[in-house]
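Presented below is the structure to which this report refers.
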Amino acid sequence: MIWLTMVGLFIAAIPLPLVNEYKRSRLIRWWCKSLLSAFNIRVIRSGFIPPTDRPLHNVMVVANHISWSDIHALNSVTPLKFIAKSEIKNWPIFGYLAKTNAIFIDRTKRHEAANTVETLTENLKAGANVCLFPEGTTTTGNEVMPFKSSLIQAAIQAESTIYPVAIYYPHPNGGSNTQMAYAGQITLTESMRQVLLQRAPVVELRFLAPIQVKNLTEAEKDRRVLTAHIQQLITNALFEQKAKPL
Numbered sequence: 290m291i292w293l294t295m296v297g298l299f300i301a302a303i304p305l306p307l308v309n310e311y312k313r314s315r316l317i318r319w320w321c322k323s324l325l326s327a328f329n330i331r332v333i334r335s336g337f338i339p340p341t342d343r344p345l346h347n348v349m350v351v352a353n354h355i356s357w358s359d360i361h362a363l364n365s366v367t368p369l370k371f372i373a374k375s376e377i378k379n380w381p382i383f384g385y386l387a388k389t390n391a392i393f394i395d396r397t398k399r400h401e402a403a404n405t406v407e408t409l410t411e412n413l414k415a416g417a418n419v420c421l422f423p424e425g426t427t428t429t430g431n432e433v434m435p436f437k438s439s440l441i442q443a444a445i446q447a448e449s450t451i452y453p454v455a456i457y458y459p460h461p462n463g464g465s466n467t468q469m470a471y472a473g474q475i476t477l478t479e480s481m482r483q484v485l486l487q488r489a490p491v492v493e494l495r496f497l498a499p500i501q502v503k504n505l506t507e508a509e510k511d512r513r514v515l516t517a518h519i520q521q522l523i524t525n526a527l528f529e530q531k532a533k534p535l
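Now the structure itself:
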């Protein structure tokens with residue numbers, strides 16, 4: 290935890306909003322890798338991994354959601370803005386980074402979804418790469434909750450490239466490592482302590498074939514149809530990951 294605190298203090302001392310996009314992306318990626326290392330979390334990537342030899346633009350990563358470590362694992366591959374509930378701003382360690390690399394949503398406001406779609410569309414059209422967890426909550430990793438379709442509309446309007454990603458925390462003895470989940474009534478501090486007690490935790494990121502929105506038919510561009518398709522792809526991929534022999 291000492292190393293984690295040192296990394297957090299170093300990042301907090303840097304005015305990220307004043308750093309240019311390229312340096313900020315590299316710094317965020319380094320910070321996320323350092324955080325994962327501090328928690329001894331190993332990331333295994335597979336599938337259609339986004340290219341790292343050239344900048345990405347107008348990309349939406351859509352994934353199932355299990356833990357606070359999901360976004361850091363994804364950010365260790367390619368820096369992403371993510372959609373976050375407003376209270377994350379006050380989280381220890383992660384809050385500062387979130388303030389500079391997130392699009393916040395206040396779920397208590399009635400018309401917030403429409404405003405978020407507009408903001409998200411503008412960000413994508415400007416070349417930003419974003420991450421969306423359409424379940425709207427976390428799970429233990431044993432199931433995929435129904436995907437909400439509203440924010441997928443932003444990727445349709447911006448004609449983005451969508452990367453579906455199946456996130457899975459395997460247990461050494463088989464099945465899902467539910468101790469890695471930040472779900473239910475557990476607090477963030479309790480979850481972090483629980484992760485630190487793991488012997489050698491692993492997160493698998495399986496990047497599925499990217500979807501080019503501009504190449505879809507009008508029927509396929511319906512946000513509910515597209516969202517259901519993405520959810521099915523991720524669900525199938527998770528089933529395959531769980532079925533892998535030890």
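Under my numbering, the letters of the sequence shown match residues 290 to 535, in that order.
Backbone N, C-alpha and C define an ideal beta-carbon position, used for all residues, glycine too.
Leaving out five residues before and five after Val433 in sequence, what residues of the same chain have Cβ atoms less than 6 Å from its Cβ? For the purposes of this step, residue 433 is taken as the residue at position 144 of the sequence shown. So the qualifying residues of the chain are Asn353 and Thr524.
Measure the alpha-carbon distance for Pro423 versus Thr410 and round it to whole angstroms. Taking the sequence shown and counting its residues from 1, one reaches residue 423 at position 134. Taking the sequence shown and counting its residues from 1, one reaches residue 410 at position 121. If I take the Cα positions, the gap works out to 16 Å.
Under three-state DSSP, which class holds Thr426? Against the sequence shown, residue 426 aligns to sequence position 137. Of the three classes helix, strand and coil, the one that applies to Thr426 here is coil, per DSSP.
Would you check if the distance between the CB atom of Ser258 and the CB atom of Tyr471 is smaller than 7 Å? The structure shown has nothing for residue 258, since the chain only spans 290 to 535.
Of the residues Trp357, Ile445, Gly336 and His361, which one's Cα is nearest the Cα of Leu316? As a first step, residue 316 must be located in the sequence shown, where it is residue number 27. Comparing Cα positions, the closest option is His361.
Hey, Phe337 and Pro499: beta-carbon distance below 7 Å or not? The sequence position of residue 337 within the sequence shown is 48, counting from 1. The sequence position of residue 499 within the sequence shown is 210, counting from 1. Contact flag set, yes.
Would you tell me roughly how many angstroms separate the C-alpha atoms of Asn418 and Thr478, rounded to the nearest one? Translated into the one-based positions of the sequence shown, residue 418 becomes position 129. Translated into the one-based positions of the sequence shown, residue 478 becomes position 189. Going from the Cα of Asn418 to the Cα of Thr478 covers about 29 Å.
For Ile317, which of helix, strand or coil comes out of DSSP? Counting from one through the sequence shown, the residue named residue 317 turns up at place 28. In the structure shown, Ile317 sits in a helix (DSSP, three-state: H, G or I).
Collapsed DSSP secondary structure at Gln501 in the structure displayed: Reading the sequence shown from its first residue, position 212 is the one you call residue 501. Note: Gln501 maps to strand in three-state DSSP.
Beta-carbon spacing of Thr516, Ser438 below 7 Å: As a first step, residue 516 must be located in the sequence shown, where it is residue number 227. As a first step, residue 438 must be located in the sequence shown, where it is residue number 149. Going by C-beta atoms, Thr516 is nearer than 7 Å to Ser438.
Beta-carbon contacts of Thr429 that lie in its chain and below 6 Å, excluding the five residues immediately before and after: On the sequence shown, residue 429 is found 140 positions in, with the first residue counted as 1. For Thr429, where only same-chain residues beyond five positions count, the Cβ hits under 6 Å are Thr467, Ala470 and Ala472.
Which residues in the same chain as Pro497 place their Cβ atom closer than 8 Å to its Cβ, once the five residues preceding and following it in sequence are excluded? Working through the sequence shown from its first residue, we reach residue 497 at position 208. The question names Pro, but residue 497 is Leu in the sequence shown. Around Leu497: Gly336, Phe337, Tyr452, Pro453, Val454, Ala455, Leu522, Ile523 and Ala526.
Lys533, DSSP secondary structure in three states: Reading the sequence shown from its first residue, position 244 is the one you call residue 533. If DSSP states are grouped into helix, strand and coil, Lys533 belongs with coil.
Give me the residue from Thr367, Val350 and Met349 with the minimum Cα distance to Trp319. Start at 1 with the first residue of the sequence shown, and residue 319 comes out as number 30. Of Thr367, Val350 and Met349, the residue nearest in Cα terms is Thr367.
Enclosing beta strand (DSSP E) for Ile372 [first to last residue]: In the sequence shown, residue 372 corresponds to position 83, counting from 1. Segment Lys370 to Lys374, the beta strand (DSSP E) holding Ile372.
Just how far apart, CA to CA, sit Pro344 and Arg495? As a position in the sequence shown, residue 344 is number 55, starting the count at 1. As a position in the sequence shown, residue 495 is number 206, starting the count at 1. The straight-line gap from Cα to Cα measures roughly 20 Å.
Within 10 angstroms of the Cβ of Ala301, are there 16 or more other Cβ atoms? Answer buried if so, exposed if not. Stepping through the sequence shown from its first residue, residue 301 is reached at position 12. Only weak support is given to the placement of Ala301: the predicted model assigns it a pLDDT of 49, under 50, and the question is left unresolved by the model.
Which residues bound the alpha helix (DSSP H) around Ser365? Translated into positions along the sequence shown, residue 365 becomes position 76. Ser358 to Val366 is the extent of the alpha helix (DSSP H) around Ser365.
Within the same chain, show all residues whose beta-carbon is closer than 6 Å to that of Trp357, passing over the 5 residues directly before and after it, in chain order. By one-based count along the sequence shown, residue 357 stands at place 68. Tyr471, listed in sequence order.
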